[in-house]
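*Asks:*
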Amino acid sequence: MIKWLAAILGYSFFRFPGAILGFLVGSFIDNLTGSGGRAKTILGDLTRQNVSPADFELNLLSLCSIVIKADGTVSKREMDYVQQYFVSTYGKEKANAIFRTFNDINKKHEISARRICAYLNQRTRYEVRLQLLHFLFGIAQADGSVSNPEINKIREIAGYLRVALRDFESIMAMFVQSADNAYKILEIEKTATDEEIKKAYRTMAKKYHPDRVNTEDEAIKKGAEEKFKEVQKAYEQIQKERGLN
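For any residue, its number in this note's numbering is found by taking its place in the sequence shown, counting from 1, and adding 154.
Below is the structure:
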């Protein structure tokens with residue numbers, strides 16, 4: 155659609171040469187936005203700038219590596235969690251190729267969380283960065299518990315990703331148990347009124363609704379659905395405690 159509009163606009167200004175140029179530019183934009191067909195990767199649906207899929211995948215894998223190494227031990231369960239994610243998302247052959255490339259790069263260069271996050275900030279929407287944090291906490295929990303060093307590292311990454319503290323604590327509460335988890339997930343205090351709780355639930359349900367993460371990627375969809383369910387569970391728990399209707 156864009157290519158035809160661009161062709162018409164080009165013709166109105168520069169006649170036939172303008173129409174050709176407009177068509178070519180419009181076709182390029184169509185391909186970027188997906189109407190010309192795109193790979194079913196995280197990048198294809200969730201990025202807001204043109205960027206190499208290989209670069210995005212390697213940066214994502216680098217963040218995984220940082221979290222896995224955060225507590226000084228490399229857990230097989232955590233490694234399996236990451237591998238299963240990449241295999242389910244990209245297929246076994248491509249996932250293995252990504253891992254091989256990552257291992258080669260990792261041997262030659264030190265991984266910088268700040269640099270990686272600066273790269274992602276320019277190319278992903280805020281909702282996607284929230285999903286990335288959810289994924290990193292999932293890795294940390296894969297061995298049965300989330301350690302303090304892992305929490306601190308993910309908190310550092312969240313800062314680099316420009317994620318608000320309340321959003322970080324909300325996601326963390328989905329993985330790290332505490333007495334007021336339900337309230338943290340809804341990003342409210344225990345002293346909140348019943349009306350404030352209802353309003354917070356509506357806000358959080360909208361923020362974490364799977365439709366907010368517009369993607370064909372099954373792994374990302376699953377993560378979005380998990381967050382949405384946690385928000386619902388938190389609200390139901392508070393409803394039960396307070397006798398809300």
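Ideal Cβ placement from N, Cα and C applies to all residues, glycine included.
Just checking my contact of A327 with K338 at CB under 8 Å: how many whole Å lie between their CB atoms?
*Replies:* Counting from one through the sequence shown, the residue named residue 327 turns up at place 173. Counting from one through the sequence shown, the residue named residue 338 turns up at place 184. Yes, A327 and K338 are in contact; Cβ-Cβ is about 4 Å, under 8 Å.
*Asks:* Go ahead and pull the three-state DSSP assignment for T278.
*Replies:* Residue mapping note: residue 278 aligns to position 124 of the sequence shown, counting from 1. Residue state, collapsed to three classes: strand.
*Asks:* Assign G190 to one of three DSSP states: helix, strand, or coil.
*Replies:* Within the sequence shown, residue 190 is the residue found at index 36, counting from 1. Only weak support is given to the placement of G190: the predicted model assigns it a pLDDT of 39, under 50, and the question is left unresolved by the model.
*Asks:* When DSSP labels each residue in this structure, what does M326 get in the three-state scheme?
*Replies:* Residue numbering aside, residue 326 sits at position 172 when the sequence shown is read from its first letter. It is helical.
*Asks:* Suppose you measure from the CA of K383 to the CA of A359; what does that come to, to the nearest Å?
*Replies:* Walking along the sequence shown from the start, residue 383 turns up at place 229. Walking along the sequence shown from the start, residue 359 turns up at place 205. If I take the Cα positions, the gap works out to 9 Å.
*Asks:* Measure how close the beta-carbons of V228 and I293 come, nearest whole angstrom, since I'm counting them as under 8 Å.
*Replies:* For the purposes of this step, residue 228 is taken as the residue at position 74 of the sequence shown. For the purposes of this step, residue 293 is taken as the residue at position 139 of the sequence shown. That pair is no contact at about 11 Å.
*Asks:* I need the boundaries of the alpha helix (DSSP H) containing D348, first residue and last residue.
*Replies:* As a working note, residue 348 is residue 194 in the sequence shown. Segment 348-361, the alpha helix (DSSP H) holding D348.
*Asks:* Between the stretch 275-293 and the stretch 308-315, can you find at least three pairs of beta-carbon atoms closer than 8 Å?
*Replies:* Segments in contact, yes.
*Asks:* Can you look up V300 in the DSSP assignment and give me helix, strand or coil?
*Replies:* Indexing the sequence shown from 1 puts residue 300 at position 146. It is coil, neither helix nor strand.
*Asks:* Tell me the DSSP secondary structure of D234 in three-state form.
*Replies:* Taking the sequence shown and counting its residues from 1, the one referred to as residue 234 is at position 80. Residue state, collapsed to three classes: helix.
*Asks:* Going by beta carbon distance, what residues of the same chain come within less than 6 Å of N335, once the five residues before and after it are set aside?
*Replies:* Here the question's residue 335 lines up with position 181 in the sequence shown. Hits under 6 Å: A327.
*Asks:* At a Cβ threshold of 9 Å, is E264 touching chain E?
*Replies:* Absence of chain E from the displayed structure is noted, only one protein chain being present.
*Asks:* Alpha carbon to alpha carbon, how far is S299 from K194? Give it in angstroms, no decimals.
*Replies:* Reading the sequence shown from its first residue, position 40 is the one you call residue 194. Reading the sequence shown from its first residue, position 145 is the one you call residue 299. Because the pLDDT at K194 is just 40, under 50, the model does not fix this residue reliably, and the value given afterwards should be weighed accordingly. Cα to Cα, the separation comes out at about 32 Å.
*Asks:* Got a sec, what are the start and stop residues for the alpha helix (DSSP H) I339 sits in?
*Replies:* Sequence index remark: in the sequence shown, residue 339 carries index 185 (1-based). Looking at the DSSP string, the run of the alpha helix (DSSP H) that includes I339 is 335-339.
*Asks:* By Cβ distance, which residues of its chain are closer than 6 Å to Y362, with the 5 residues on each side in sequence left out?
*Replies:* Here residue 362 refers to the residue found at position 208 when the sequence shown is read from its first residue. The answer, listed in chain order, is K381, F382, V385.
*Asks:* Assuming contact is defined by CB atoms lying nearer than 9 Å, are Y273 and D348 in contact in what I supplied?
*Replies:* In the sequence shown, residue 273 corresponds to position 119, counting from 1. In the sequence shown, residue 348 corresponds to position 194, counting from 1. Cβ atoms of Y273 and D348: not closer than 9 Å.
*Asks:* In whole angstroms, what is the alpha-carbon distance linking T255 and E211?
*Replies:* Numbered from 1 along the sequence shown, position 101 holds the residue referred to as residue 255. Numbered from 1 along the sequence shown, position 57 holds the residue referred to as residue 211. Each residue's Cα considered, the two are about 10 Å apart.
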